[in-house]
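Under the numbering used here, the residues of the sequence shown are numbered 195 to 529, in order. Here is the structure we will look at, set down as structure tokens.
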Amino acid sequence: MTSRWTTSNIPDQTGKTIIVTGANSGLGEATANALAAHGARVILACRDTDKGAAAAKKMNGDVTVRELDVADLDSVRSFADQTGQVDVLINNAGVMATPEQRTADGFELQLGTNYLGHFALTGLLLPHITERVVMVSSLAHIIGRIDYDDPNWRTRSYRRWPAYGQSKLADLMFSYELHRRLQASGSTLRSIAVHPGLARTALHTHTDSVQSGLIAALTSVGQNSARGALPSLFAATAPDAASGHYYGPSGPGEIRGYPRPAFSTPASRNVQAAAALWDLSETLTDVHFLTPIPAGTESVPVGGAATGREKASWLTAGAVLGAAVLTVALRRSRR
Numbered sequence: 195m196t197s198r199w200t201t202s203n204i205p206d207q208t209g210k211t212i213i214v215t216g217a218n219s220g221l222g223e224a225t226a227n228a229l230a231a232h233g234a235r236v237i238l239a240c241r242d243t244d245k246g247a248a249a250a251k252k253m254n255g256d257v258t259v260r261e262l263d264v265a266d267l268d269s270v271r272s273f274a275d276q277t278g279q280v281d282v283l284i285n286n287a288g289v290m291a292t293p294e295q296r297t298a299d300g301f302e303l304q305l306g307t308n309y310l311g312h313f314a315l316t317g318l319l320l321p322h323i324t325e326r327v328v329m330v331s332s333l334a335h336i337i338g339r340i341d342y343d344d345p346n347w348r349t350r351s352y353r354r355w356p357a358y359g360q361s362k363l364a365d366l367m368f369s370y371e372l373h374r375r376l377q378a379s380g381s382t383l384r385s386i387a388v389h390p391g392l393a394r395t396a397l398h399t400h401t402d403s404v405q406s407g408l409i410a411a412l413t414s415v416g417q418n419s420a421r422g423a424l425p426s427l428f429a430a431t432a433p434d435a436a437s438g439h440y441y442g443p444s445g446p447g448e449i450r451g452y453p454r455p456a457f458s459t460p461a462s463r464n465v466q467a468a469a470a471l472w473d474l475s476e477t478l479t480d481v482h483f484l485t486p487i488p489a490g491t492e493s494v495p496v497g498g499a500a501t502g503r504e505k506a507s508w509l510t511a512g513a514v515l516g517a518a519v520l521t522v523a524l525r526r527s528r529r
């Protein structure tokens with residue numbers, strides 16, 4: 195792949211239909227804008243259609259705004275029922291580190307929005323998708339742990355960052371497992387995961403003021419939305435974007451830079467855990483698709499273990515994040 199892949203490397207997308215969830219702002223808006231500029235028919239799938247329309251007015255190309263609230267399975271089903279053939283689905287919508295809240299279906303808000311809604315949307319649209327499914331995960335998947343007994347934080351004391359990490363780990367596990375099941379079924383569809391590094395977006399506005407300050411400090415060392423969208427754009431359009439892979443920024447700690455293969459944790463690549471998560475997701479959403487992988491095919495490779503360079507990058511990322519947290523703490527102590 196090109197070492198400095200940018201929007202100038204996007205192939206002509208004329209004739210393709212691409213859905214981007216959460217496309218009214220931030221990474222989703224930047225992603226949709228670039229795709230439309232390269233000829234794609236882009237569907238901005240947004241909870242707030244007024245904001246979606248405002249974003250669409252700033253884009254050049256064939257752009258349509260449609261209502262979709264991934265935190266409401268009725269909305270997901272309605273959207274899927276009214277959707278025809280799609281070339282690429284980009285599951286981008288998300289919230290981060292929110293106070294404890296519930297979706298329309300009673301799911302913990304972050305798990306329901308970031309993961310379960312997109313799991314259901316993918317399953318319902320899969321018969322109509324011709325090329326790729328792109329799942330937007332996060333650096334925060336590294337802190338994620340899936341609690342199969344209490345995924346929606348009903349009996350545990352709620353903690354917003356572990357909840358966010360769980361939702362983003364689920365995204366990555368789902369992308370890998372979708373790849374395995376597509377491969378086993380003989381499908382040529384690609385399932386690709388990405389993360390934006392640390393991107394300066396309005397995602398932190400979903401949380402309270404204290405958390406917003408912390409997140410703003412963290413993302414200040416990152417990159418803008420246009421650069422943060424590059425991994426999504428690479429996964430959605432590049433001929434050499436490989437199914438079963440995970441892409442993120444190339445710089446130290448994968449915080450910023452150009453798209454390249456990213457590090458994912460052993461937990462994200464656990465085949466048995468991914469199968470259990472899939473079963474749990476089908477039970478929670480009542481959306482069932484793709485049969486389990488036949489015995490003997492579980493070794494279909496996905497992702498990659500950490501290299502020495504990647505481990506060093508993660509140490510760098512930890513140091514940067516720690517410094518940002520310390521900076522916020524010192525500023526508050528001086529008030």
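All residues carry an ideal CB built from backbone N, CA and C; glycine is no exception.
Rounded to the nearest whole angstrom, the CA to CA distance from leucine 484 to leucine 427 is 26 Å. The beta carbon of histidine 482 lies closer than 8 Å to those of Gly317, Glu476 in the same chain, with the five residues before and after it left out. Rounded to whole angstroms, the separation of the alpha carbons of histidine 322 and glycine 278 is 6 Å. Using a Cβ distance threshold of 9 Å, isoleucine 213 and alanine 432 do not count as a contacting pair.
No Cβ-Cβ contact shorter than 9 Å links isoleucine 487 with alanine 436. Lysine 251 counts as exposed, since fewer than 16 other beta carbons sit within 10 angstroms of its beta carbon. The three-state reading of DSSP puts glycine 442 in strand, counting E and B together.
Taking a C-beta distance under 9 Å as the contact criterion, serine 458 and leucine 366 qualify as a contact pair. In the DSSP assignment, asparagine 418 forms no beta bridge with any residue. Taking the Cβ atoms as the reference, valine 264 lies roughly 15 Å from glycine 300, outside the contact range of under 8 Å. Using a 10 angstroms sphere on the CB of tyrosine 342, the tally of other CB atoms stays under 16, which defines it as exposed. Leaving aside the five residues that flank arginine 421 on each side, none in its chain has a CB nearer than 6 Å to its CB. About 4 Å separates the beta carbons of arginine 235 and aspartate 256, which is inside the 8 Å limit, making them a contact pair. Collapsing the DSSP output to three states places alanine 217 in coil. A direct Cα-Cα distance of roughly 21 Å separates leucine 392 from arginine 353.
Between serine 351 and threonine 307, the CB-CB gap reaches or exceeds 9 Å.
Residue state for proline 486 is assigned as coil, using DSSP reduced to three classes.
Beyond the five residues adjoining it in sequence on each side, aspartate 242 comes within less than 8 Å, by CB distance, of Asn218 in the same chain, given in chain order. For asparagine 346, the CB contacts under 6 Å within the same chain, skipping 5 residues up- and downstream, are Phe301, Glu302 in chain order.
If you compare the alpha carbons of Leu319, Ala226, Ala231 with that of isoleucine 237, the shortest gap goes to Ala226. For leucine 283, the enclosing beta strand (DSSP E) stretches over residues 280–285. DSSP, reduced to helix, strand and coil, places serine 351 outside both helices and strands of the structure shown, so it counts as coil. If only complete runs of 4 or more residues are kept, the stretch 259–346 shows the alpha helix (DSSP H) at 267–275, 311–319, in order along the chain.
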